[in-house]
Amino acid sequence: MILSLGNASEKVIEKVRQNLLSRGLENTLVKCAKTTLVVITSDADNLPGHIFSQMDGVQKVVRLSNRSPLGKDLAQTIVTLSPASPNSKLVQIGGGLPPVVISGPCAIEGREQIVELAHAVKAAGAVALRGGAYKPRTSAYDFQGLGLDGLKYMKEAGLQAGLPVVSEVVSIEQIEPSSPYLDVFQVGARNMYNYELLKELGRQRKPVLLKRGMSATIDELLQAAEYILLEGNLQVILCERGIRTFENRTRNTLDLSAVAVIKSLTSLPVLVDPSHAVGKRELIAPLSRAAIACGADGLIIESHCTPDKSVSDAAQAIEPSTLAAIVKDTNTIYAALNPSPVVNTSGKELAETITEGPAAGLTDGLTEGPNEGLTEAIATGAIQVAKPSARSLAGAPGS
């Protein structure tokens with residue numbers, strides 16, 4: 005940490021340095037042409053910035069160290085979702101594994117709706133079911149969700165389709181009653197700054213999907229994740245869902261640069277939510293492709309069997325058939341971007357190589373369905389695919 009003191013007097017400089025020493029903070033004095041700097045060489049990460057900014061003579065405080073130590077220091081993180089049933093496949097996210105797609109309605113509208121959609125998104129290639137039961141809406145007059153009944157419907161749908169379920173909780177009080185019906189807790193954009201909620205979710209033993217706030221910086225997102233990690237829950241998934249800017253052609257602005265930046269700063273998996281980013285269903289597919297191309301570990305996409313009849317965010321909901329095309333495209337992009345070390349591998353050999361383990365989901369429907377384009381590209385030699393190493397298939401121990 006560096007404290008800039010401007011043209012402070014020797015007396016003021018000495019007072020600042022003694023103040024730091026009284027707190028156990030070693031420091032070095034650096035005199036420049038137009039300012040004086042005090043460089044704190046001890047670890048001051050756990051001390052709030054106002055302690056230094058309020059010292060007499062200090063004009064500016066600059067932090068140099070990493071403010072998200074746990075997110076940075078974790079080994080390659082793979083988040084595991086509990087199987088929906090004993091016969092369901094294990095879902096793992098991150099760690100360089102093939103991208104996943106989580107899909108479902110903005111709001112759970114009823115039992116029949118969510119059960120029908122669960123089977124549809126499973127057939128399209130989704131590996132988990134999402135749906136809103138508690139809906140924090142901008143307008144107090146909009147549909148607020150079915151609450152706990154909605155979660156019960158979605159859990160039933162997930163069990164039937166063999167999909168783990170993801171949904172948002174908006175308060176600490178909702179965690180305990182919701183937990184039996186959820187495999188992943190979601191923290192929405194509006195609650196990214198709800199630190200007490202984050203702490204309590206950190207005490208749970210289920211994955212947490214943390215969405216970036218509408219006006220949050222990347223560092224603020226990472227620091228929010230620290231609240232969860234510090235409580236012992238290392239199963240954190242970050243999500244870029246668009247930020248608020250001056251642009252009004254889309255609902256928000258999808259910050260894909262954040263994906264690359266976040267992955268350079270942390271080992272936590274990063275998903276992209278193109279639905280809330282743009283709010284227009286015709287833009288979901290191209291942005292999904294772009295997200296995977298820039299390194300996202302997966303997508304969370306809103307879908308509906310009859311999108312125009314959706315009670316919430318109808319304009320951004322896509323049909324299961326569109327979702328299937330997106331899954332097919334993202335698998336092809338992932339295969340094209342991960343060819344090293346290059347081995348000429350037929351589609352049949354690839355399927356035999358990765359029919360088990362965390363990469364197994366890539367082979368679902370290799371010969372038919374939404375992923376068939378991946379096999380065609382591989383089998384014809386249009387894409388050369390690396391055989392997964394034992395390390396990549398095993399994942400990170402203890403993650």
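Note that our numbering numbers the sequence shown so that position 57 is 61, with each residue one more than the last. For each residue, glycine too, the CB sits at the ideal point set by N, CA and C.
Item                                                                                                                  : Value
Secondary structure of E172, DSSP reduced to three states                                                             : strand
Per-residue burial, V105 [other beta carbons within 10 Å of its own, 16 or more giving buried]                        : buried
Host alpha helix (DSSP H) of Q190 (start-end)                                                                         : Run containing Q190: none in the alpha helix (DSSP H); it sits in the beta strand (DSSP E), 188-191.
Unbroken stretches of the beta strand (DSSP E), 3 residues or longer, contained in the region 258-294                 : 274-276
L7 in three-state terms, based on DSSP                                                                                : strand
Sufficient close CB pairs (3 or more, under 8 Å) joining the region 81-93 to the region 38-51                         : no
Neighbourhood of P103 by C-beta distance below 8 Å, restricted to the same chain and skipping five residues each side : I296, A300, D301, G302, L303, T334, N335, Y338
Pair within 8 Å by beta-carbon distance, I176 and L201                                                                : yes
Residue span of the alpha helix (DSSP H) that contains L202, given as start and end                                   : 199-206
Beta-carbon spacing of L7, T39 below 8 Å                                                                              : no
R248 at chain C interface by Cβ criterion, 8 Å                                                                        : Of the chains in the structure shown, none is chain C; there is only one protein chain.
Residue environment, F250, which counts as buried when at least 16 other CB atoms sit within 10 Å                     : exposed
Beta-bridge pairing of E160 - partner residues as DSSP gives them                                                     : Its beta-bridge partners do not exist; DSSP assigns none.
Selected residue, minimal CA-CA separation from C243, among Q227, I232, V263, N31                                     : V263
Close Cβ partners of A124 (< 7 Å) along its chain, the five nearest in sequence each way excluded                     : C309, P324
Straight-line Cα distance separating L213 from P90                                                                    : 23 Å
Where the beta strand (DSSP E) containing K215 begins and where it ends                                               : 212-215
For Q208 and L327, the rounded distance between their alpha carbons                                                   : 31 Å
CA-to-CA distance, R245 to A281, given in whole angstroms                                                             : 5 Å
Exposure of M5, with buried meaning 16 or more beta-carbon neighbours within 10 Å                                     : buried
Residue range of the unbroken beta strand (DSSP E) whose run includes V255                                            : Before going on, a small fix: residue 255 reads as Arg here, not Val. Neither: R255 is in no beta strand (DSSP E) and is coded neither H nor E.
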